[in-house]
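Participant: Questions regarding the structure given below will be posed in turn.
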Amino acid sequence: MTLTLTVNGQEHELAVPPHTLLLNVLRNDLALNGPKYGCGLGECGACSVLIDGMAARTCVLPVSAAVGHDVITLDGLASYGQLDPVQQAFIDAQAAQCGYCLNGMIITVRALLNHNAQPSAQQIRTALEHNLCRCGTHVEILQAARLAVD
Ligand code: FES
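In the UniProt record's numbering, the protein residues as written are 1 to 150.
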């Protein structure tokens, strides 16, 4: 049995069991390494993607749940050689230490801006409060998010 998945604007026919985790399909079958495996429990956010513009955690989501929806990964945020403004803001703010969490941070900020173009500092903090950074660069990450809004 095959299923059709739309990722970064491209349709893919995939011969995978429908309960396969979306994270595994993205990384193993489509070689999209933006989403990271962190906790595997839906707790840290490292595996996040956009589904229809909203952040979703792919380590706990079966691929079948994404069929019929638009999946955008970090790899697909940039278009025509231009980084998404959120990606650029994270570079400009030098928000990374190890960088492992940044996929989830950037995807979460992009999802926030998709439905609120001018979030307050508190709304940014609330949006990111369930994304974990084990290096502790939260201050720089919040600065990057503010930069993406300005
Ligand atoms: Fe998915 Fe942590 S790896 S939320």
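Note that the Cβ used here is the ideal one computed from N, Cα and C, for glycine as well.
Going by beta carbon distance, what residues of the same chain come within less than 8 Å of residue 84, once the five residues before and after it are set aside?
Facilitator: Working through the sequence shown from its first residue, we reach residue 84 at position 84. So the list reads 77, 78, 106 and 110, once near-sequence residues are dropped.
Participant: Out of curiosity, what's the CA-to-CA distance linking residue 45 and residue 55?
Facilitator: Here residue 45 refers to the residue found at position 45 when the sequence shown is read from its first residue. Here residue 55 refers to the residue found at position 55 when the sequence shown is read from its first residue. If I take the Cα positions, the gap works out to 9 Å.
Participant: Just reading off the alpha helix (DSSP H) that residue 204 is part of, what are its end residues?
Facilitator: There is simply no residue 204 to check, as the chain begins at 1 and stops at 150 in what is shown.
Participant: Assuming residue 16 and residue 63 form a contact by the criterion Cβ under 8 Å, report the distance between their Cβ atoms to the nearest whole angstrom.
Facilitator: Sequence index remark: in the sequence shown, residue 16 carries index 16 (1-based). Sequence index remark: in the sequence shown, residue 63 carries index 63 (1-based). Going by Cβ atoms, the distance from residue 16 to residue 63 rounds to 6 Å, so yes, they are a contact pair.
Participant: With a Cβ-Cβ cutoff of 8 Å, do residue 48 and residue 103 count as a contact?
Facilitator: Stepping through the sequence shown from its first residue, residue 48 is reached at position 48. Stepping through the sequence shown from its first residue, residue 103 is reached at position 103. In this structure, residue 103 lies closer than 8 Å to residue 48 by Cβ.
Participant: Relative to the C-alpha of residue 18, which residue among 87, 65, 112 and 38 is closest?
Facilitator: Residue 18 sits at position 18 when you count from the first residue of the sequence shown. It is 65 whose Cα lies nearest to the Cα of residue 18.
Participant: With a CB to CB cut of under 6 Å and the five nearest residues on each side skipped, what residues in its chain are close to residue 119?
Facilitator: As a first step, residue 119 must be located in the sequence shown, where it is residue number 119. Within the same chain, residue 119 has close Cβ partners 112.
Participant: Taking the beta strand (DSSP E) that residue 130 falls in, what are its first and last residues?
Facilitator: What you label residue 130 is simply residue 130 of the sequence shown in a count that begins at 1. From DSSP, residue 130 is part of no beta strand (DSSP E); its letter is neither H nor E.
Participant: Taking residue 135 as the reference, which of 95, 126, 148 and 124 has the closest Cα?
Facilitator: Locating residue 135 in the sequence shown gives position 135, counting from the first residue. Per the Cα distances, 95.
Participant: From residue 26 to residue 87, what distance separates their C-alpha atoms?
Facilitator: Within the sequence shown, residue 26 is the residue found at index 26, counting from 1. Within the sequence shown, residue 87 is the residue found at index 87, counting from 1. Near 20 Å, if we compare the C-alpha coordinates of residue 87 and residue 26.
Participant: Report yes if the C-beta distance between residue 116 and residue 122 is below 8 Å; otherwise report no.
Facilitator: In the sequence shown, counting from the first residue as 1, residue 116 sits at position 116. In the sequence shown, counting from the first residue as 1, residue 122 sits at position 122. No, these two residues do not count as a Cβ contact at 8 Å.
Participant: Once you ignore the five residues that flank residue 12 on each side, which residues in its own chain have a CB closer than 6 Å to its CB?
Facilitator: Taking the first residue of the sequence shown as 1, we reach residue 12 at position 12. Within the same chain, residue 12 has close Cβ partners 5.
Participant: Is residue 137 buried or exposed, if buried means 16 or more other CB atoms sit within 10 Å of its CB?
Facilitator: Counting from one through the sequence shown, the residue named residue 137 turns up at place 137. Buried, since its Cβ has 16 or more Cβ neighbours within 10 Å.
Participant: Is it true that the CB of residue 21 sits closer than 8 Å to the CB of residue 35?
Facilitator: Position 35 of the sequence shown, counted from the start, is the residue given in the question as residue 35. Position 21 of the sequence shown, counted from the start, is the residue given in the question as residue 21. No, they are not a contact pair.
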